Amino acid sequence: MATLEIKDLHVSVATDDGAKEILKGVDLTVRAGETHAIMGPNGSGKSTLSYAVAGHPKYEVTSGSVTLDGDDVLAMSVDERARAGLFLAMQYPVEVPGVSMSNFLRTAATAVRGEAPKLRTWVKEVKAAMSELEIDPAFAERSVNEGFSGGEKKRHEILQLALLSPKIAILDETDSGLDVDALRVVSDGVNRFKASGETGVLLITHYTRILRHITPDFVHVFAGGRIVESGGSELANVLEAEGYVKYTGSQEAAGV
Amino acid sequence: MTAAVEKQSHSHGAVVPESSRAEWFTSFDVNAFEVPSGREEIWRFTPMKRLAGLHTGVEATGSATVEVDAPAEVTVETVERGDSRLGAAGVPADRVAAQAFSSFTAATVLTVAKETKASAPVLVTVTGPGAGQVAYGHLQVRAERFAEAVVVLDHRGSGVYADNVEFVLADGAKLTVVSIQDWADDAVHVSAQHASIGRDALLRHTVVTLGGDLVRVSPTAAFADKGAEVELNGLYFADAGQHFEHRTFVDHSQANCTSNVVYKGALQGNDAHTVWIGDVLIRAAAEGTQTYELNRNLLLTDGARADSVPNLEIETGEIAGAGHASATGRFDDEQLFYLQARGIPEDQARRLVVRGFFHELLMKIQVPEVRERLEAAIEAELEAVGV
Chain A
1 MATLEIKDLH
11 VSVATDDGAK
21 EILKGVDLTV
31 RAGETHAIMG
41 PNGSGKSTLS
51 YAVAGHPKYE
61 VTSGSVTLDG
71 DDVLAMSVDE
81 RARAGLFLAM
91 QYPVEVPGVS
101 MSNFLRTAAT
111 AVRGEAPKLR
121 TWVKEVKAAM
131 SELEIDPAFA
141 ERSVNEGFSG
151 GEKKRHEILQ
161 LALLSPKIAI
171 LDETDSGLDV
181 DALRVVSDGV
191 NRFKASGETG
201 VLLITHYTRI
211 LRHITPDFVH
221 VFAGGRIVES
231 GGSELANVLE
241 AEGYVKYTGS
251 QEAAGV
Chain B
1 MTAAVEKQSH
11 SHGAVVPESS
21 RAEWFTSFDV
31 NAFEVPSGRE
41 EIWRFTPMKR
51 LAGLHTGVEA
61 TGSATVEVDA
71 PAEVTVETVE
81 RGDSRLGAAG
91 VPADRVAAQA
101 FSSFTAATVL
111 TVAKETKASA
121 PVLVTVTGPG
131 AGQVAYGHLQ
141 VRAERFAEAV
151 VVLDHRGSGV
161 YADNVEFVLA
171 DGAKLTVVSI
181 QDWADDAVHV
191 SAQHASIGRD
201 ALLRHTVVTL
211 GGDLVRVSPT
221 AAFADKGAEV
231 ELNGLYFADA
241 GQHFEHRTFV
251 DHSQANCTSN
261 VVYKGALQGN
271 DAHTVWIGDV
281 LIRAAAEGTQ
291 TYELNRNLLL
301 TDGARADSVP
311 NLEIETGEIA
321 GAGHASATGR
331 FDDEQLFYLQ
341 ARGIPEDQAR
351 RLVVRGFFHE
361 LLMKIQVPEV
371 RERLEAAIEA
381 ELEAVGV
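Written out as structure tokens, the structure reads:
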């Protein structure tokens with residue numbers, strides 16, 4: 001069973017005024033079968049956590065450790081992390097002009113699975129996954145994320161999640177910018193991914209509304225670059241009612 | 001006399017030359033041009049020392065070999081200087097083009113008869129005169145009324161070569177041209193390509209520059225009548241030390257014509273240098289003109305340099321649309337991160353991005369053999385630096 005273990009993680013980002021520490025000692029363990037929600041106000045460092053775990057070059061880990069089933073994630077390149085079973089659904093998926101979605105998906109699946117999927121079963125697999133996410137098949141021939149609406153991009157992130165079936169998925173504000181229908185479709189996709197019980201999910205969000213579709217086992221409040229409180233799903237309700245004021249000293253709603 | 005002109009920016013980022021493109025000096029006679037010093041506007045990007053004397057009157061010491069593989073519907077002639085048809089598509093606008101026009105000994109003329117569609121692409125292979133040799137050449141492609149053809153010009157080999165290439169499109173003709181410069185590392189090639197486009201005719205012109213020490217191609221499109229359309233496309237891949245220069249000019253002198261210019265280049269290695277100058281002139285009579293030009297450059301390594309200058313002159317307000325865009329950038333780290341975050345190894349991710357960058361242009365090349373060859377050439381270029 002997969003376990004992602006984050007210990008005392010400190011992360012800095014380079015700014016014009018020198019390195020600025022954003023994560024100040026994060027401790028978190030996500031096991032297969034568990035869904036963790038990280039909630040926090042804007043600027044608390046939630047997204048930095050996801051990018052640092054995925055290996056974005058902009059973020060420098062200054063101390064601490066991240067392991068996946070005991071293997072040192074921080075020693076791996078970005079693509080090695082993905083092949084080891086980590087997946088980051090991005091808040092702002094990147095456009096790659098001239099590279100078709102179908103070519104991209106197949107190249108990624110080949111890399112992650114270690115061999116090219118058989119063409120016939122692959123085509124079926126992609127079609128089925130697209131249809132579950134209510135994605136028009138015509139998107140397969142469009143350039144990766146190019147000209148996609150916010151909702152279309154998020155659906156495609158979950159499509160990749162479904163096809164690459166990682167051990168641990170980090171969803172970075174996947175709910176942002178989604179209308180009610182799209183939120184349902186995307187949440188259903190994540191729930192299908194969870195259903196096996198063999199995968200772990202780390203859901204990063206500002207608002208509680210996605211947690212009505214995807215039930216977390218644990219809720220963590222993120223503020224000032226670390227986890228300041230942890231609890232069960234009931235903690236989300238408290239945050240919805242009270243906002244983050246208790247943690248930040250300023251009014252910021254967590255409810256919708 | 002090609003006057004040196006200073007350029008200044010206007011508010012949209014394009015440059016309006018002080019001397020209008022409409023007033024450029026042209027002549028078939030090399031002696032009508034002064035020897036350029038390299039400081040002139042049209043020469044300022046070109047490393048003159050590497051021109052091997054093409055601009056100072058070097059005489060031919062050899063000749064290029066021209067082989068034509070054409071379907072039966074296309075007439076192929078070799079003609080002497082002085083054939084009255086030569087020069088119909090345009091007049092040299094710089095000293096090297098005029099030198100080539102004044103110096104060639106024989107010209108190749110290809111004619112597609114009226115209302116005829118060539119059943120296969122015409123392949124013209126031009127092989128340079130050999131290392132250390134200088135040659136001049138001339139080629140004219142004539143598409144008569146409602147004729148249709150695809151012509152591939154394949155330049156290869158060694159040596160120094162300057163030429164004029166003409167495309168004469170009569171009313172309703174449709175001509176697709178791909179000019180490939182895949183020279184050996186020593187080669188110097190300066191090519192002026194002139195198109196005269198008749199009423200409702202369509203020219204699709206694509207320049208592909210992959211090899212040579214110095215390659216300078218200047219495609220000029222002029223409309224002879226209304227309703228015509230031209231696409232000027234270009235794709236180039238410059239390695240260390242190579243200088244590839246492309247200077248496009250679309251002369252809108254007729255009403256209701258359309259032009260679209262798309263040039264894209266990738267550069268890698270020390271002192272790889274590319275230049276794109278995109279001149280568009282919309283004259284007072286050219287009402288209803290629609291024009292757009294775009295240049296994009298992708299710097300794959302440090303030490304490479306891409307110059308990009310769109311020039312748009314508009315002499316009438318009654319146009320349908322005119323625009324331009326130019327951008328030069330390094331590899332987009334966010335694109336690489338995204339692809340790698342899906343498990344794709346870095347080298348493969350880089351290749352995907354470069355292939356994607358050229359994809360739009362490659363799809364415009366409708367000759368499958370040529371497209372496949374170019375895809376393979378791009379792969380080989382990427383292979384070479386281990387990108």
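Protein sequence lines correspond, in order, to chains A and B.
First residue of the first sequence? That's 1 in UniProt numbering, and the numbers climb one at a time after it.
First residue of the second sequence? That's 1 in UniProt numbering, and the numbers climb one at a time after it.
The C-beta atom is built at its ideal place from N, Cα and C for all residues, glycine as well.
Everything numeric in this text was worked out from a predicted model, so none of it was measured.
query, result
"Quick check on residue 194/A: buried or exposed, where buried means 16 or more other Cβ atoms within 10 Å of its Cβ?", "buried"
"Mind pulling the chain B residues with CB within less than 7 Å of residue 192/A?", "Per Cβ cutoff of 7 Å: no residues; residue 192/A is ~19 Å from chain B at best."
"Pull the bridge partners of residue 234/A from the DSSP assignment, please.", "According to DSSP, which records beta bridges pairwise, residue 234/A is partnered with nothing at all."
"Could you tell me whether the segment 56–70 of chain A touches the segment 314–330 of chain B, using the rule of 3 or more Cβ pairs below 8 Å?", "no"
"Would you verify that the beta carbon of residue 357/B is, or is not, closer than 8 Å to some beta carbon of chain A?", "yes"
"Thinking C-alpha only, which one of 123/A, 94/A and 88/A is nearest residue 150/A?", "94/A"
"Suppose the cutoff is 7 Å on Cβ atoms and the five residues either side in sequence are ignored; what does the same chain contact list for residue 92/B look like?", "26, 27, 28, 98, 101, 164 and 192"
"Of all Cβ atoms in chain A, is any one closer than 8 Å to the Cβ of residue 98/B?", "no"
"Give the single residue among 161/B, 113/B, 79/B and 74/B whose Cα lies nearest to the Cα of residue 132/B.", "161/B"
"At the level of alpha carbons, what is the spacing between residue 141/B and residue 117/A?", "49 Å"
"Assuming residue 219/A and residue 247/A make a contact with CB atoms under 8 Å, what is their CB distance in whole Å?", "The Cβ separation is near 13 Å, so there is no contact."
"With a threshold of 8 Å between beta-carbons, can residue 343/B be considered close to chain A, or not?", "yes"
"Show which residues of chain A have a CB atom less than 9 Å away from the CB atom of residue 348/B.", "79, 107 and 111"
"I need the straight-line Cα distance from residue 28/A to residue 79/A, nearest angstrom please.", "23 Å"
"Quick check on residue 337/B - is its C-beta less than 8 Å from some C-beta in chain A?", "yes"
"When the Cβ atoms of the segment 70–85 of chain A are set against those of the segment 327–341 of chain B, are three or more pairs found closer than 8 Å?", "yes"
"Which residues, taken in chain order from the segment 352–377 of chain B, show a beta carbon closer than 8 Å to some beta carbon of chain A?", "352, 353, 355, 356, 357, 358, 359 and 360"
"For the segment 132–152 of chain A, which residues have a CB atom closer than 9 Å to at least one CB atom of chain B, in sequence order?", "143, 144 and 145"
"Roughly how many whole angstroms lie between the Cα atoms of residue 233/B and residue 63/B?", "29 Å"
"Under 8 Å, Cβ to Cβ, is there at least one residue of chain B near residue 56/A?", "yes"
"Would residue 243/A and residue 44/A qualify as a contact pair, given that the criterion is a beta-carbon distance under 8 Å?", "no"
"Figure out for me which residue from 106/B, 369/B, 221/B and 209/B has the closest Cα to the Cα of residue 245/B.", "209/B"
"Am I right that residue 330/B and residue 299/B are in contact with their C-beta atoms under 8 Å? What's the rounded C-beta distance?", "5 Å"
"At the 8 Å Cβ level, is residue 82/B part of the contact set with chain A, yes or no?", "no"
"Which class does residue 128/A belong to by DSSP, given the choice of helix, strand or coil?", "helix"
"How far does the alpha helix (DSSP H) with residue 270/B in it reach, from first residue to last?", "That residue, residue 270/B, is in no alpha helix (DSSP H); it is neither H nor E in DSSP."
"According to DSSP, simplified to helix, strand and coil, what is residue 219/B?", "strand"
"Please decide whether residue 83/A counts as near chain B, where near means a Cβ-Cβ distance under 8 Å.", "yes"
"Could you tell me which chain A residues have their CB closer than 7 Å to the CB of residue 407/B, listed as they occur along the chain?", "Here chain B comprises residues numbered 1 to 387, so residue 407/B is not present and cannot be evaluated."
"Report back the beta-carbon spacing between residue 130/B and residue 158/B to the nearest angstrom; my notes put them in contact at under 8 Å.", "5 Å"
"CA-CA distance, residue 133/A and residue 96/A?", "21 Å"
"Verify the CB distance criterion: does residue 340/B have a CB-CB separation below 8 Å to chain A?", "yes"
"Taking C-beta to C-beta, are residue 312/B and residue 21/B nearer than 8 Å?", "no"
"Among the residues of its own chain, which have a CB less than 6 Å from the CB of residue 248/B, if the five just before and after it don't count?", "219, 232, 261 and 278"
"At the 8 Å Cβ level, is residue 88/A part of the contact set with chain B, yes or no?", "yes"
"Would you mind giving the Cβ-Cβ distance between residue 229/B and residue 274/B, rounded to the nearest angstrom? I have them listed as a contact below 8 Å.", "The Cβ separation is near 27 Å, so there is no contact."
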